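Data first, discussion second: the structure below is written as structure tokens.
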Amino acid sequence: MDNKNNVVIFQSNVQNVKKEWIDYNGHMNVAYYTLAFDNSLDDFLETILEIGPTFVKKVKQGPYSLQANYHYLDELRLGDKFFIRIYIINSDKKKIHTVLEMIDFKTKGQVAVCETLLINVDLNIRKSVNYRTDVIKRIELYQDKCSEIKLPLQVGKNLKIIKK
Numbered sequence: 513m514d515n516k517n518n519v520v521i522f523q524s525n526v527q528n529v530k531k532e533w534i535d536y537n538g539h540m541n542v543a544y545y546t547l548a549f550d551n552s553l554d555d556f557l558e559t560i561l562e563i564g565p566t567f568v569k570k571v572k573q574g575p576y577s578l579q580a581n582y583h584y585l586d587e588l589r590l591g592d593k594f595f596i597r598i599y600i601i602n603s604d605k606k607k608i609h610t611v612l613e614m615i616d617f618k619t620k621g622q623v624a625v626c627e628t629l630l631i632n633v634d635l636n637i638r639k640s641v642n643y644r645t646d647v648i649k650r651i652e653l654y655q656d657k658c659s660e661i662k663l664p665l666q667v668g669k670n671l672k673i674i675k676k
């Protein structure tokens with residue numbers, strides 16, 4: 513996806529819904545939405561921010577999930593194809609707030625949205641630490657690229673029942 517300045521936003525490879533992902537309702541089980549989001553986030557962290565598995569092994573620091581919030585908006589069924597877009601909407605020296613948007617490949621409709629809050633952890637002391645300066649620059653650069661993107665309506669929504 514491009515914003516008005518033609519900056520390319522990360523988009524995962526197209527994935528297929530597998531037979532083992534289908535639940536008793538005949539659609540993709542919520543656990544596999546989480547798996548798809550997580551795998552795409554790992555790819556994003558590795559290729560765009562360069563803080564994925566390669567960085568973790570080398571530097572002994574890595575992103576931990578603090579919180580995640582999911583919105584399931586449409587169903588995917590066996591054989592359906594989808595991809596995931598990832599945005600950074602906020603960050604500081606230790607944390608990254610991401611939004612992941614699952615898109616139906618055929619209809620281009622929104623299927624699900626996941627918001628995550630990640631924190632950088634030093635694996636030697638198992639405590640949060642600031643990202644290195646070069647990492648902060650990459651995070652901020654990507655966040656700036658995302659600043660003009662219209663975010664999914666679900667971003668920041670609380671879980672609640674609205675009484676009528």
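Reading the sequence shown from the start, the letters are residues 513 to 676 in this note's numbering.
Note that the Cβ used here is the ideal one computed from N, Cα and C, for glycine as well.
Keep in mind it's a predicted model, so treat the numbers as computed, not measured.
- A contact between stretches requires three or more CB pairs, one per stretch, nearer than 8 Å, and the region 619 to 627 meets this requirement with the region 660 to 673.
- Annotation: the region 573 to 610 contains the following complete segments of the beta strand (DSSP E) (minimum length 3 residues), in chain order: 573 to 584 and 593 to 603.
- In terms of Cβ geometry, Ala-543 and Gln-527 do not form a close pair [threshold 8 Å].
- In the structure shown, Gln-527 adopts extended strand secondary structure according to DSSP, grouped into three states.
- The beta carbons of Ile-615 and Val-623 sit about 7 Å from each other, so the pair counts as a contact at 8 Å.
- Sorting Asp-550, Glu-562 and Glu-660 by C-alpha distance to the C-alpha of Asn-581 places Asp-550 at the top.
- Under the 10 Å beta carbon count, Lys-657 is surrounded by 16 or more other beta carbons and is classified as buried.
- Ile-601 and His-609 do touch by the CB rule: their CB atoms are close to 5 Å apart, below 8 Å.
- Taking the C-beta atoms as reference points, Tyr-599 is found nearer than 8 Å to Ile-521.
- Within the same chain, Cβ atoms closer than 7 Å to the Cβ of Lys-618 are found at Lys-593, the five residues on either side in sequence being excluded.
- Ile-563 is classed as buried because its beta carbon has at least 16 other beta carbons within 10 Å across all chains shown.
- In this structure, DSSP gives Val-623 an extended state, which the three-state scheme calls strand.
- Ser-640 is positioned such that its CB atom lies closer than 8 Å to that of Val-633.
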